[in-house]
Ligand code: PLP
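Numbering (the numbering used here), first residue to last: 542 to 937.
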């Protein structure tokens, strides 16, 4: 009893931050967005995806509010949406998930990862991530006192060094976290690379957390491979995805996890604890999207973004910032050494001041000291805004 009320060991007062808080910082992405809003610039920093919401999704969400779907839902989501997600996983990848026991509608893929990590990982466990990484993955793990261990991908194509992957494994490794197509590199892991990762998971008995939020953003004829489809992987793979990007509803906070029933009850419990449920009316909107949008919607989404990719790549080359060409997702990492500044953050601020275009410092996606010559540009913007941003970059 007395221990619980004793002052924190590192401070003299009980009015103190937690042990974790001093290491936590506002993400560089949000910081750039704030700065961009302040000067009224064009935000290519945050992956907000402000393209139009597909009509069935928008209309059904509004209808759902009017029909009274405004109260808590079942902790793992409404039946209609769980059925639609299970049907989508079957149709897209041939994966069988029972919508009653193996689908969790989550508050975004972000809420899904939080719930999965709470349910499956212990403090001091190690989780392997590929660098460059998505900052929320790292921060979410750290917030649970799980240790991220980085496996660097090799520039310029961000290829996987399988020996480095093996070398990063220790007796404390519990899982690998894979994001394909990846933010920020746009890398689509090849079948051979995913096979190698899956083989490590099987040999070392690890979970594989897969963030597949950009599954439909694939270019140059690539197809998304869902790692759970590989032999022996379904029972150990926690698939996370969502509607933020595909339906342009980042602010709705709606995503999902599909996984073996063995893990699902615990994940749903922790999701309930933090979020209670995903937004009720929006679940109906997303269900309508899955039910009604034809396959051409998804191919058109990829084609539209492939054209946006071409525009930003040309503008970056013209501006003297050599881009690394992304095979998927909707970000470009570009070399920004021609901009003044010692760090990527200084370079990003210079670019914003000079052109009114916000990008994110590459350092946000690497361990300390790396990524300082890179900037990340998001191209999921309406064409008019993207073209204006490209024109401004060319005037640099
Ligand atoms: N995962 C990745 C790799 C992302 O890039 C993002 C958003 O930028 C998210 C997850 C967020 O997904 P959600 O809005 O579903 O939480």
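Glycine residues also receive a C-beta, built at the ideal position from the N, C-alpha and C atoms.
Pair within 8 Å by beta-carbon distance, residue i and residue j
i, j, result
"residue 789", "residue 676", "no"
"residue 923", "residue 592", "yes"
"residue 886", "residue 900", "no"
"residue 874", "residue 726", "yes"
"residue 779", "residue 750", "yes"
"residue 565", "residue 826", "no"
"residue 743", "residue 856", "no"
"residue 798", "residue 647", "yes"
"residue 703", "residue 660", "no"
"residue 708", "residue 669", "no"
"residue 824", "residue 598", "no"
"residue 666", "residue 713", "yes"
"residue 805", "residue 642", "yes"
"residue 840", "residue 590", "no"
"residue 649", "residue 558", "no"
"residue 830", "residue 595", "yes"
"residue 931", "residue 613", "no"
"residue 724", "residue 588", "yes"
"residue 539", "residue 917", "Outside the shown range of the chain (542 to 937) lies residue 539, about which nothing can therefore be said."
Own chain, CB closer than 8 Å to residue i, minus 5 neighbours either side, in chain order
i, result
"residue 681", "651, 654, 655, 658"
"residue 933", "583, 896, 897, 898"
"residue 920", "585, 846, 849, 850, 852, 853, 871, 872, 873, 927"
"residue 759", "722, 729, 765, 843, 868, 869"
"residue 663", "687, 715"
"residue 891", "880, 881, 882"
"residue 802", "639, 642, 643"
"residue 861", "879, 937"
"residue 719", "671, 730, 735, 738, 749, 750, 751, 752, 768"
"residue 561", "683, 684, 686"
Neighbourhood of residue i by C-beta distance below 7 Å, restricted to the same chain and skipping five residues each side
i, result
"residue 925", "none"
"residue 756", "765, 782"
"residue 761", "868"
"residue 631", "637"
"residue 577", "584, 586, 893, 899"
"residue 689", "668, 670, 679, 682, 683"
Chain-order list of residues whose beta-carbon lies under 6 Å from that of residue i (same chain, five-residue window excluded)
i, result
"residue 863", "876"
"residue 809", "616, 617, 645"
"residue 832", "625"
"residue 544", "Low confidence applies to residue 544: its pLDDT is 39, below 50, so where it sits in the model is not reliable enough to give any reading."
"residue 865", "697, 874"
"residue 888", "877, 880, 882"
"residue 771", "739"
"residue 800", "779"
"residue 671", "692, 694"
"residue 547", "Any answer about residue 547 is weak, because its pLDDT of 47 lies below 50 and its placement is not dependable; what the coordinates show is given next. None."
"residue 621", "828"
"residue 807", "660"
"residue 634", "767, 770"
Chain-ordered list of residues that sit, by beta carbon, closer than 6 Å to a heavy atom of the ligand PLP: 588, 649, 650, 651, 675, 720, 724, 752, 754, 783, 785, 791, 796
Alpha helix (DSSP H) runs wholly inside the segment 751-828, at least 4 long, in chain order: 802-816
Inside the segment 605-643 only - alpha helix (DSSP H) runs reaching at least 4 residues: 620-634
Quick one: which unbroken beta strand (DSSP E) runs of 3-plus residues sit fully inside the segment 669-708? Chain order, please. 688-693
In chain order, what are the residue ranges of uninterrupted alpha helix (DSSP H) at least 4 long that sit wholly in the segment 874-919? 885-896
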